Structures are given as C-alpha cells and as structure tokens.
Amino acid sequence: MTIGRDCSIWYNAVLRGDVNKIVIGDRTNIQDGVVLHTIYDKAKHPSQTIIGNDVSVGHNAIVHGAVIGDNCLIGMGATLLDNAVVPSGCIIAANALVLSNAKLEPNSVYAGVPAKKVKEVTPEQREEIIRRTAHDYMLYASWFKEDE
C-alpha cells in the first residue's frame, strides 16, 4: 500500500490491499466507510486499485480493482467495479454503478445504474466541486493533527 502526501483516510474506511496493491496519490481523501479492495494478482484479470492526486472518494463508496485519475470526485455510495477506468476530471454521482471494464471519458459527469455519461465537467465545476472538496478535506484533516 502506498499513500501519498497530505492524504486523509476517515473513520471506518477499509483499505484492503491483501491480494494486490493499493496506490493513493497526493492530497486525496478517502471518506468515512469507503471500501478499497483489489483483485488477486493470479486471477484471470488481476487489478490494483490506483487513485490519483486531488481525488475525493465519498462516504461509503466502493472501489474494487479500479483506476481513478487525478482531480476526480467519486460520490457517496458510488461503486466502481473490477478494471474500471475513471480518467482525470470526472465526477461520479452518488450511488452510481461503474461496471467492470468500463473506460469512461475524461472531464465528464456519470450517473445512474449502470453509470452513463450525463454531461461534460466545466472548468468552473472542476474548480468549485472537485478541487474545493479535496482542499476542504485537507483542512478537516489538519484539525486532527497532533502538534509536533
């Protein structure tokens, strides 16, 4: 397991890197109740869980052997299945289901079961929603740091 700089992992999150690698980039937050898991390296289609920089993975989301690019927001209760690829700049809506092997388009919003593209992410949305959430969680984490 590799966790980047200035990350926060919140209460009741499970990062289960027992059968393959989990990699989390810088300034990423893994919120309460999130489950990160991988696919066994000797399975037919093994997969690591890789999460980029400045990503927010919302409460109770599940990321199972998927790849998330930089500057993404994964909504509360969303599920990303085996070998799904969420490229940079995406927003995955709350409770959306990203199917196994899905290859999404960058800078897009996906919603539904199964998740479908609903619109493009504007530069304003990228700044206001994605970056603000990631930076807010850096602030929240600072409240829990012990004085050095």
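Position 142 of the sequence shown, counting from 1, maps to 122 under the numbering used here, and the rest follow consecutively.
Positions of the beta carbon are idealized from the N, C-alpha and C atoms, including for glycine.
Keep in mind it's a predicted model, so treat the numbers as computed, not measured.
1. Thinking just about the alpha-carbon of each residue, which of 111, 1, 76 is nearest to the one in residue 89?
2. Considering residue 117, what are the terminal residues of the alpha helix (DSSP H) in which it resides?
3. Determine the DSSP secondary structure at residue 108, reduced to helix, strand or coil.
4. Within a Cβ cutoff of 6 Å, which residues of the same chain sit near residue 28, ignoring the five residues on either side of it in sequence?
5. Considering only residues of the same chain and omitting the five flanking positions on each side of residue 13, which have a CB-CB separation below 7 Å?
6. Just reading off the beta strand (DSSP E) that residue 29 is part of, what are its end residues?
7. Look at the Cβ atom of residue 95, then the Cβ atom of residue 36, and state whether they are nearer than 8 Å.
8. Flag this pair as yes or no: are the beta carbons of residue 42 and residue 4 separated by less than 8 Å?
9. Drop a sphere of 10 angstroms on the beta-carbon of residue 112, count the other beta-carbons inside from all chains shown, and report buried for 16 or more, exposed for fewer.
10. What number of angstroms, rounded off, separates the C-alpha of residue 125 from the C-alpha of residue 33?
Taking the geometry as given:
1. Indexing the sequence shown from 1 puts residue 89 at position 109. Just measuring C-alpha positions, the residue of 111, 1, 76 sitting nearest residue 89 is 76.
2. On the sequence shown, position 137 is the one that residue 117 refers to. For residue 117, the uninterrupted alpha helix (DSSP H) run begins and ends at 112 to 122, by DSSP.
3. The sequence position of residue 108 within the sequence shown is 128, counting from 1. In the displayed model, residue 108 falls within a helix according to three-state DSSP.
4. Here residue 28 refers to the residue found at position 48 when the sequence shown is read from its first residue. Correct list, in chain order: 0, 1, 18.
5. The residue given as residue 13 occupies position 33 in the sequence shown. Here the set comprises -8, -7, 39, 40.
6. Position 49 of the sequence shown, counted from the first residue, corresponds to residue 29. 29 to 31 is the extent of the beta strand (DSSP E) around residue 29.
7. The residue labelled residue 95 in the question sits at position 115 within the sequence shown. The residue labelled residue 36 in the question sits at position 56 within the sequence shown. No.
8. Walking along the sequence shown from the start, residue 42 turns up at place 62. Walking along the sequence shown from the start, residue 4 turns up at place 24. No.
9. Position 132 of the sequence shown, counting from 1, holds the residue named residue 112. Residue 112 sits exposed, since fewer than 16 C-beta atoms from the chains shown fall within 10 Å of its C-beta.
10. In the sequence shown, residue 125 corresponds to position 145, counting from 1. In the sequence shown, residue 33 corresponds to position 53, counting from 1. Here the alpha carbons of residue 33 and residue 125 stand approximately 21 Å from one another.
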